[in-house]
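The numbering of the sequence shown is the working numbering, which starts it at -17 and goes up by one. Glycine included, C-beta positions come from ideal geometry on N, C-alpha and C. Computed from a prediction, not measured in an experiment: that's the story for all the values here. Worksheet: one structure, shown below.
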Amino acid sequence: MRSHLLNDATAESYRRSVTEGVERVAAKLAATRRPFSGVTPAELAPVIDAVDLDRPLGDASAALDELEDVYLRDAVYFHHPRYLGHLNCPVVIPAVLGEAVLSAVNSSLDTWDQSAGGTLIERKLVDWTTGRIGLGPAADGVFTSGGTQSNLQAMLLAREEAKTKDLAKLRIFSSECSHFSVQKSATLLGLGADAVISIPVDRNKRMQSVVLAAELEACRAEGLVPMAIVATAGTTDFGSIDPLPEIAALADEYGAWMHVDAAYGCGLLASRTRRHLLDGIERADSVTVDYHKSFFQPVSSSALLVRDGATLRHATYHADYLNPRRTIAEQIPNQVDKSLQTTRRFDALKLWMTLRVMGADGIGELFDEVCDLAREGHALLAADPRYDVVVEPQLSTLVYRYVPEAVISPAEIDRANLYARKALFASGEAVVAGTKVDGRQYLKFTLLNPETTAADIAAVLDLIAGHAEQYLGETLVHA
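In structure tokens form, the structure reads like this:
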């Protein structure tokens, strides 16, 4: 079995196996005509259940043959221009190259003696990102598994920096459109979901700063402590960006930690035309970025950035076998001192390779393209009497719903939209997401593929309308 270990003696076998795998995936990408096969859980589960993991195939080619049936054939392909579902992006080739390198070398980014250059590359990218944000010379950060982990660590730092240790008094303020990880973080940190005060949004789905000010004052009057304000730069459902300067001013006034969840909107940091939409983010105490959304990186690639690097000490624990206290005096850079994770992949290498090949402007141009596309899509929806569109996009998300010409109940329209989304997914022709707005069922385009065109959007809208009309027609027949 030593022949399967990657080392100097097996380098040629490694080259052959990986090359064959790459060729299979490349062929699959080139031949993919739909974002999804339409397979159901009931159809695919028996195929995977039939695999006997205790009887190895013994051969990489045979395993790749099998992989076609259990994975590649039915994967959801984000690179397809009619994948319009969740916040999943097609990935850039330099990042995939970085992924291949980091997987083979398998550095662990917790300590210097496991990563060396990897540690310094990650630190360089953290500095680059904090510079783009404008957090100042004391800023620092660390790569994470994703926005949920980044938000959790930000709330941990905010809790520890709060002016009381009485957890029952702590309150977090976020908009009603903020990510669910804010509530999850409050629960995990012992505060409880009730500690999160939801602030209503305006007609453009941005946090109402006037209401935030009133809630902060009420919090103070009740003897409670405003622990943190979470502003969102790119909400998951609408791509809306909260009024960051106004929120920053209120955070200063009430002594609250300001966190900006820019997991989606961080692509604006590389934009030459839309960077102003993030004005005010430089006043944050912490910022979440997800490079695996609007920087076109493979999952996972995220980071938490902070204005004052000293606050990262709240995540620091010392173990004699790993990062003993003496390493601080010795100035040995151990990233585990900043992280909630111990063993951690060298995900920063993907972004490093992307910047070294494409440059930041190249990333920004791709993100600008999908934001421009969203504006075209909004114009299509606004002009189409079959659809009701919610807000004009700031980023690349469109929320809308099919509305039939005939007058029927809102509940029936909800069911028609749900049916259309499911039927479209089952057909494999396109993938769209769904959400609720004021209790009603809506559909959602999340546009992160520069290869998607306005013609693709128009074609998908026709497909959705067709499925919805079919459902309503069948409903009338059965009625």
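query                                                                                                                                                         : result
Under 7 Å Cβ to Cβ from Val164, same chain only, skipping five residues before and after it: list those, please.                                              : Asn133, Ile154, Ser156, Val178 and Val212
Apply the 10 Å Cβ neighbour rule to Ser409 and answer buried if 16 or more other Cβ atoms are within range, or exposed otherwise.                             : exposed
Roughly how many angstroms separate the alpha carbons of Ala12 and Ala195, rounded to a whole number?                                                         : 53 Å
Is it buried or exposed, Ala388, if we count other Cβ atoms within 10 angstroms and call 16 or more buried?                                                   : exposed
Note down the Cα distance separating Ala(-7) from Val0, rounded to an integer number of angstroms.                                                            : 11 Å
Write down the C-beta distance between Gly129 and Thr112 rounded to the nearest angstrom, noting that I regard them as a contact closer than 8 Å.             : At roughly 17 Å, the Cβ-Cβ gap does not stay under 8 Å, so Gly129 and Thr112 are not in contact.
Can you give me the start and stop residues for the alpha helix (DSSP H) that Phe349 sits inside?                                                             : Ala342 to Ala365
From the DSSP secondary-structure annotation, give me the bridge partner or partners of Leu242.                                                               : A small correction: the amino acid at residue 242 is Val; Leu does not occupy that position in the sequence shown. According to DSSP, Val242 bridges with Ala213 and Val269.
Would a C-beta distance cut-off of 8 Å place Glu264 and Leu117 closer than the cut-off?                                                                       : yes
If you check the beta carbons only, do Lys426 and Thr417 fall under 8 Å apart?                                                                                : yes
Among the residues of its own chain, which have a CB less than 6 Å from the CB of Ala266, if the five just before and after it don't count?                   : Met240 and Val242
Whole-angstrom Cβ separation of Gly100 and Ser89, contact assumed at under 8 Å?                                                                               : 4 Å
Under 8 Å between the Cβ atoms of Ser222 and Cys248?                                                                                                          : no
Within a Cβ cutoff of 6 Å, which residues of the same chain sit near Asp272, ignoring the five residues on either side of it in sequence?                     : Gly129, Ala245 and Ser284
Take the Cβ of Val442 as the centre, count every other Cβ of all protein chains shown within 10 Å, and call the residue buried at 16 or more, exposed below.  : buried
Considering only the beta carbon of each residue, do Ala393 and Tyr453 sit closer than 8 Å?                                                                   : no
According to the neighbour-count rule (16 or more other Cβ atoms, all chains shown, within 10 Å of its Cβ), is Glu456 buried or exposed?                      : exposed
When you compare each of Arg383, Ile390 and Leu66 to Leu400 by their alpha carbons, which one comes out closest?                                              : Arg383
Between Gly289 and Ala121, which are expected to be in contact by the criterion C-beta below 8 Å, what is the C-beta distance as a whole number of angstroms? : One detail in the question is off: residue 289 reads as Arg in this sequence, not Gly. That pair is a contact at about 6 Å.
Rounded to the nearest angstrom, what separates Leu304 and Ile395 at their Cα positions?                                                                      : 58 Å
For Gly174, count neighbouring Cβ atoms within 10 angstroms of its own Cβ and tell me buried if that reaches 16, exposed if not.                              : exposed
Distance, Cα to Cα, Pro208 vs Ala45?                                                                                                                          : 55 Å
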